[in-house]
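Participant: Numbered as in numbering that gives the first Met the number 0, the sequence shown ends at 252 without a single skipped number.
All C-beta atoms, glycine included, are put in the ideal place defined by N, C-alpha and C.
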Amino acid sequence: MVRKGLSNAIVSSLLLTSSFAMATSTDDVVSAVESKNNAGQASQQKIDQYSEQTDSMLAEYKAVLRQLDSMRVYNNQLERMVNSQNKELASLEKQIEQIDQTAMEIVPLTLKMIDSLDQFVQLDLPFQLDEREKRIASLREMMDRADVTTSEKFRRVLEAYQIEEGFSRNIEAYKASMARNGDTKTYDFLRIGRTALFFQSPDGAETGMWNKQTNQWEALPEGYSDAITQGLRIAKKQAPPALIELPVFTGEK
């Protein structure tokens, strides 16, 4: 009986030991599985992280490639623009050289034109002399000014020529002082283009004209007084245009 009890005890002990060993082994398996699962999740997270980083780097790489293409196109365009600007610069430098050469030729020509205009005014009918001589003096003063360009100087001289040329195509009435017989009086003057220049006193008592042959003022017969008066009214636009009989020096004796 004692042996049988001992045997049972041993069997029970073996069973308990075996159960404990099995329980321990199961816990180890579960722990190992959980550990592997955790390791797998960590690995997957790293893989996902690496994948996101790879996608981000790929997108950045593609963006850099697009930027490089844009910069390449932009640089090519800039190069063409620079080449065009260099050509334009060379053209401008050539034009400046030509302008300098032209200026050297225009300035003496402009001075000669002013001298010729001055001589012309002195030989022309003596109308509006103060105004015309002041214009020429202003041109001479302008030629010495450094703040006026050569082109502007030439333009102003041409403008003076145009003004003088316009006197040949119109009639004009104006008042001016003139010395006659030792006395200075104000007269009405009538200019018919550059053909004739007449004067008349305000009361109509004196009437005369400029003699181109003698370069002097000469009195006219009283018969021309009314015609001169009518011509003055027409020039002042106080009467409509009409045919009037006036004396004209033809240059013949």
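Where does Gln253 sit, in a helix, a strand or coil, going by DSSP?
Facilitator: Look at the range of the chain in this structure, 0 to 252, and you will see that residue 253 is not part of it.
Participant: Across which residues does DSSP place Gly207 in a beta bridge pair?
Facilitator: In the DSSP output, where bridge partners are listed per residue, Gly207 has Phe198, Ala218.
Participant: Throw me the rounded Cβ distance for the Gly207 and Leu219 pair, which I believe falls under 8 Å.
Facilitator: Correct: roughly 5 Å between the Cβ atoms.
Participant: Please classify Glu171: does DSSP put it in a helix, a strand, or coil?
Facilitator: The answer is strand: DSSP assigns Glu171 an E or B state.
Participant: For Arg155 and Ala195, what's the separation of their Cα atoms in angstroms?
Facilitator: Approximately 28 Å, taken between the alpha carbons.
Participant: Which runs of the beta strand (DSSP E) fall wholly inside the stretch 112 to 199 and span at least 3 residues, in chain order?
Facilitator: If we require 3 residues or more, the beta strand (DSSP E) runs fully inside the stretch 112 to 199 come out as 170 to 179, 182 to 191, 195 to 199.
Participant: Can you tell me whether DSSP reads Glu244 as helix, strand or coil?
Facilitator: Three-state DSSP puts Glu244 in coil, outside helix and strand.
Participant: Going by C-alpha to C-alpha distance, which of Asp114, Phe197, Ile162 sits closest to Glu140?
Facilitator: Nearest of Asp114, Phe197, Ile162 to Glu140, Cα basis: Asp114.
Participant: How close, in whole Å, do the beta carbons of Ile233 and Ala241 come, if the pair is a contact with beta carbons under 8 Å?
Facilitator: With a Cβ gap of about 7 Å, Ile233 and Ala241 count as contacting.
Participant: Candidates Ala178, Gln237, Gln229: which alpha carbon is nearest Glu217's?
Facilitator: The candidate whose alpha carbon is nearest that of Glu217 is Ala178.
Participant: Between Glu205 and Asp187, what straight-line distance do the alpha-carbon atoms span, to the nearest angstrom?
Facilitator: Whole-angstrom Cα-Cα distance: 10 Å.
Participant: Please work out which residues of its chain come closer than 6 Å, Cβ to Cβ, to Thr183, disregarding the five sequence neighbours upstream and downstream, and give them in chain order.
Facilitator: So the list reads Ser176, once near-sequence residues are dropped.
Participant: For Lys152, count neighbouring C-beta atoms within 10 Å of its own C-beta (all shown protein chains included) and say buried if the count is 16 or more, exposed if not.
Facilitator: When all chains shown are included, Lys152 counts as buried.
Participant: In this structure, how does DSSP classify Gln212 when only helix, strand and coil are distinguished?
Facilitator: Three-state DSSP puts Gln212 in coil, outside helix and strand.
Participant: So does the stretch 121 to 140 actually touch the stretch 157 to 172, counting three or more Cβ pairs closer than 8 Å?
Facilitator: Yes: the two stretches touch, three or more of their Cβ pairs being nearer than 8 Å.
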